[in-house]
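Asker:
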Amino acid sequence: MNSCIGIGLSYFSSSTSGNIHGGNISLGKHMSSLSSSSNYVRLQEGVNAFFSSLLVSRNSKRRARVLRCATIEEIEAEKSVIEKDAKERMEKTIETVRASFNAVRTGRANPSMLDRVEVEYYGSPVSLKSIAQISTPDGSTLLVQPYDKSSLKAVEKAIVSSDIGLTPNNDGEVIRLSIPQLTSERRKELSKVVAKLTEEGKVAVRNIRRDAIKAYEKLEKEKKLSEDNVKDLSSDLQKVTDEYMKKIETIQKQKEKVCSLKIVGIKF
Numbered sequence: 001m002n003s004c005i006g007i008g009l010s011y012f013s014s015s016t017s018g019n020i021h022g023g024n025i026s027l028g029k030h031m032s033s034l035s036s037s038s039n040y041v042r043l044q045e046g047v048n049a050f051f052s053s054l055l056v057s058r059n060s061k062r063r064a065r066v067l068r069c070a071t072i073e074e075i076e077a078e079k080s081v082i083e084k085d086a087k088e089r090m091e092k093t094i095e096t097v098r099a100s101f102n103a104v105r106t107g108r109a110n111p112s113m114l115d116r117v118e119v120e121y122y123g124s125p126v127s128l129k130s131i132a133q134i135s136t137p138d139g140s141t142l143l144v145q146p147y148d149k150s151s152l153k154a155v156e157k158a159i160v161s162s163d164i165g166l167t168p169n170n171d172g173e174v175i176r177l178s179i180p181q182l183t184s185e186r187r188k189e190l191s192k193v194v195a196k197l198t199e200e201g202k203v204a205v206r207n208i209r210r211d212a213i214k215a216y217e218k219l220e221k222e223k224k225l226s227e228d229n230v231k232d233l234s235s236d237l238q239k240v241t242d243e244y245m246k247k248i249e250t251i252q253k254q255k256e257k258v259c260s261l262k263i264v265g266i267k268f
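In this text, residue positions in the sequence shown follow full-length UniProt numbering: the first is 1, and each later residue adds one.
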């Protein structure tokens, strides 16, 4: 009985409120009523029920707090999906940058210079390299030999209308393209082209990073990630971004070397 004295309980039903006022046990007026076994049992049940409800409430709050914090496994799972998508897109950007650089005429014959040439073949546009063999018999000549000789005229027309700046020589069997040596003026033009293509590649990578961070922030709004989680994942993503930026710069330097360019005053 002493363990219950002074406990403030407002829990009890009306059947026991006559014995317990506002949850405080009165030892005077109501001692006789508490002496009965039935009232004592109800009192004990009430006390037990009160503390049971209190424990359930506390445990529920604890579980709620746990649910708002993602586990390491959940964080890694979200990171894996978003970062994988970002890397795949960045790889495609690298391929695009490399293809664009290959198409830049440098003074040496390279079959990749014709990669972007499309030919109207039986009513459909197809890539030149898919319908012709392209070779370099020497450092200044490209040789284009269509698998179907009837397409020679279409191939010639496609080369003339392209932006590669080369004049085809069609002898009825093959098409020859002579690559002129780079002049000083042309080298200056190429320096600007290389700078432009490099910056376009970097902008594409930055945009991919931006999209990935937005995906993380969306998960934060959905309470699947915390603010700290997003900061950590964004930091990891920046490392990936820096890695692909360096890849673009490496391709750029390789192109400059091929072009024998010494670019001064141009920031990449």
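For every residue, glycine included, the Cβ atom is placed at its ideal position computed from N, Cα and C.
If contacts are defined as beta-carbon pairs under 8 Å, then Leu219 and Lys79 qualify, I think. What distance do you get, rounded to the angstrom?
Answerer: Rounded, the Cβ-Cβ distance is 10 Å, inconsistent with contact.
Asker: For the alpha helix (DSSP H) containing Ser184, list its first residue and its last residue.
Answerer: Counting along the chain, the alpha helix (DSSP H) containing Ser184 begins and ends at 184-221.
Asker: Can you give the Cα-Cα distance for Ser184 and Gly107, rounded to whole angstroms?
Answerer: Going by the C-alpha atoms only, they are around 12 Å apart.
Asker: Identify which residue in Ile179, Ile131, Glu173, Glu243 has its Cα closest to the Cα of Ala158.
Answerer: Nearest option by C-alpha distance: Ile131.
Asker: Assign Arg62 to one of two classes, buried (16 or more other C-beta atoms within 10 Å of its C-beta) or exposed (fewer than that).
Answerer: Residue placement at Arg62 cannot be trusted, given a pLDDT of 47 that sits under 50; the coordinates are not used to answer.
Asker: Quick check on Pro180: does DSSP put it in helix, strand or coil?
Answerer: Coil at Pro180, not helix or strand.
Asker: Kindly list the residues whose CB is nearer than 7 Å to the CB of Glu73, restricted to its own chain and excluding five residues on each side of it in sequence; keep chain order.
Answerer: If we look at Glu73 and ignore the five residues flanking it on each side, it has no Cβ neighbours.
Asker: Could I get the ranges of all uninterrupted beta strand (DSSP E) runs contained in the segment 65-140, with 3 residues as the minimum, in chain order?
Answerer: You should have 118-121, 124-127, 132-138.
Asker: Distance check for Gly201 and Ala212, CA to CA, integer angstroms please.
Answerer: Distance between the alpha carbons of Ala212 and Gly201: 17 Å.
Asker: Tell me where the alpha helix (DSSP H) around Ser162 begins and ends.
Answerer: No alpha helix (DSSP H) contains Ser162, which DSSP labels as neither H nor E.
Asker: Roughly how many whole angstroms lie between the Cα atoms of Thr71 and Ser226?
Answerer: Approximately 11 Å between the Cα atoms of the pair.
Asker: Restricting to Cα atoms, I'd like to know which of Cys259, Lys84, Arg89 is closest to Arg186.
Answerer: Among Cys259, Lys84, Arg89, the Cα nearest to that of Arg186 belongs to Cys259.
Asker: Three or more C-beta pairs closer than 8 Å, one from the segment 136-148 and one from the segment 108-117: is that the case here?
Answerer: The answer is yes - the segment 108-117 touches the segment 136-148, with three or more Cβ pairs under 8 Å.
Asker: Could you tell me whether the segment 115-129 touches the segment 158-169, where touching means 3 or more Cβ pairs closer than 8 Å?
Answerer: Yes, since at least three Cβ pairs between the segment 115-129 and the segment 158-169 fall closer than 8 Å, the two stretches touch.
Asker: Let me make sure I understand the geometry here. Which of Tyr147, Lys192, Lys231 has the alpha-carbon closest to that of Lys214?
Answerer: Here the closest residue by C-alpha is Lys231.
Asker: Give me, in chain order, the residues of the same chain whose beta-carbon lies closer than 6 Å to that of Leu190; leave out the 5 immediate sequence neighbours on both sides.
Answerer: Once the five neighbours on either side are set aside, the close Cβ partners of Leu190 are Cys259.
Asker: According to DSSP, is Leu225 helix, strand or coil?
Answerer: In this structure, Leu225 counts as coil in the three-state DSSP scheme.
Asker: DSSP state of Val174, grouped into three classes?
Answerer: Val174 falls in the coil class under three-state DSSP.
Asker: Whole angstroms are fine: how far does the CA of Ile82 sit from the CA of Glu217?
Answerer: Answer to the nearest angstrom: the Cα atoms are 12 Å apart.
Asker: I'd like the list of long-range same chain contacts for Met245, defined as Cβ closer than 7 Å, with 5 residues on each side in sequence excluded.
Answerer: Here the set comprises Lys202, Val205.
Asker: For a quick check, are the C-beta atoms of Met113 and Ile208 less than 9 Å apart?
Answerer: The answer is no: Cβ separation not under 9 Å.
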